[in-house]
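Have a look at the structure below, then the notes.
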Amino acid sequence: MTPQFDLKIKRLYIALGVVAPKDVTPDNIDDYVVKTPFSFGVDFNRNANEVEQMDTLQRAVSNVASIKDYFKSWCKSNGQKESLVEDVINNNQSVALIHDLWNIDKHETLNRPPRSGVTPHIEIIGNAFQMGGNITTDVEKDGTTIRGGGVVLMADVVDEAGNKLGHFHKICEEAIDVWTVELKSAGVPISY
Numbered sequence: 001m002t003p004q005f006d007l008k009i010k011r012l013y014i015a016l017g018v019v020a021p022k023d024v025t026p027d028n029i030d031d032y033v034v035k036t037p038f039s040f041g042v043d044f045n046r047n048a049n050e051v052e053q054m055d056t057l058q059r060a061v062s063n064v065a066s067i068k069d070y071f072k073s074w075c076k077s078n079g080q081k082e083s084l085v086e087d088v089i090n091n092n093q094s095v096a097l098i099h100d101l102w103n104i105d106k107h108e109t110l111n112r113p114p115r116s117g118v119t120p121h122i123e124i125i126g127n128a129f130q131m132g133g134n135i136t137t138d139v140e141k142d143g144t145t146i147r148g149g150g151v152v153l154m155a156d157v158v159d160e161a162g163n164k165l166g167h168f169h170k171i172c173e174e175a176i177d178v179w180t181v182e183l184k185s186a187g188v189p190i191s192y
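Counting along the sequence shown from 1, when you hit position 189 you're at 189 in full-length UniProt numbering, and nothing is skipped either side.
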């Protein structure tokens, strides 16, 4: 496997991290010690406007969909049928939706029928705040420890009539799972 293909596969998994809900556990959240009563506010947009949010989502789409070309090249170099790659796209709705979203982003419109059977679009719902539920008083620290949380970008995939096809992160997650299974079954050495 080329270093570029290995990097592409790693980016496939990073794509999910930018949109999927995070586990709020002690390992991935920050602690804050507060010595006085307090109130707080949260900017759910992380100062990102809709263009920046859409760019984040489209980068995730690109990372997932562009595995196609790398996988085709690998198949050609390793004696596998290149049609295997097209079959992955044509036989799974989530993979097809991601691929259609990628082509629409690249070309503005589809120049052939969509693989998913619909013309999908991303509809940003907004951001959700996930907060840890652990607030403790610690005499040694002379204050209250609050476990932090995080903001997750939420979006749906809709068809041309605005009908919801699914949550963006769930569609990405399924597409990544399908690609991972197919890559491994074809013999691509994936170690993560």
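Quick reminder that beta carbons are idealized off the backbone N, C-alpha and C, glycines included. Since this is a predicted model, take the numbers as computed values, not measurements.
Indicate whether residue i and residue j have their beta-carbon atoms separated by less than 9 angstroms.
{"i": "K4", "j": "L153", "result": "The amino acid occupying residue 4 in the given sequence is Gln; Lys does not appear at that position. Not in contact: Q4 and L153 (Cβ atoms no closer than 9 angstroms)."}
{"i": "T119", "j": "E86", "result": "no"}
{"i": "S94", "j": "G166", "result": "yes"}
{"i": "F168", "j": "A155", "result": "yes"}
{"i": "H99", "j": "R115", "result": "yes"}
{"i": "N103", "j": "A65", "result": "yes"}
{"i": "Q58", "j": "L97", "result": "no"}
Which residue marks the beginning of the alpha helix (DSSP H) containing residue i, and which one marks its end?
{"i": "K76", "result": "I67 to S77"}
{"i": "K106", "result": "Q93 to H107"}
Counting C-beta neighbours from all protein chains within 10 Å, is the total for residue i 16 or more, i.e. buried, or is it exposed?
{"i": "D43", "result": "Low per-residue confidence applies at D43: pLDDT is 47, beneath 50, and the placement is therefore not dependable enough to give any value."}
{"i": "D55", "result": "exposed"}
{"i": "E108", "result": "exposed"}
{"i": "I171", "result": "buried"}
{"i": "V157", "result": "buried"}
{"i": "V188", "result": "buried"}
{"i": "I89", "result": "buried"}
{"i": "E82", "result": "exposed"}
{"i": "I122", "result": "buried"}
{"i": "I9", "result": "buried"}
{"i": "V178", "result": "buried"}
Name the DSSP beta bridge partners of residue i, please?
{"i": "K164", "result": "V158"}
{"i": "I124", "result": "A155"}
My assumption, with CB atoms under 8 angstroms, is that residue i sits in contact with residue j. Please give the rounded CB distance.
{"i": "I190", "j": "L183", "result": "6 angstroms"}
{"i": "E50", "j": "I124", "result": "6 angstroms"}
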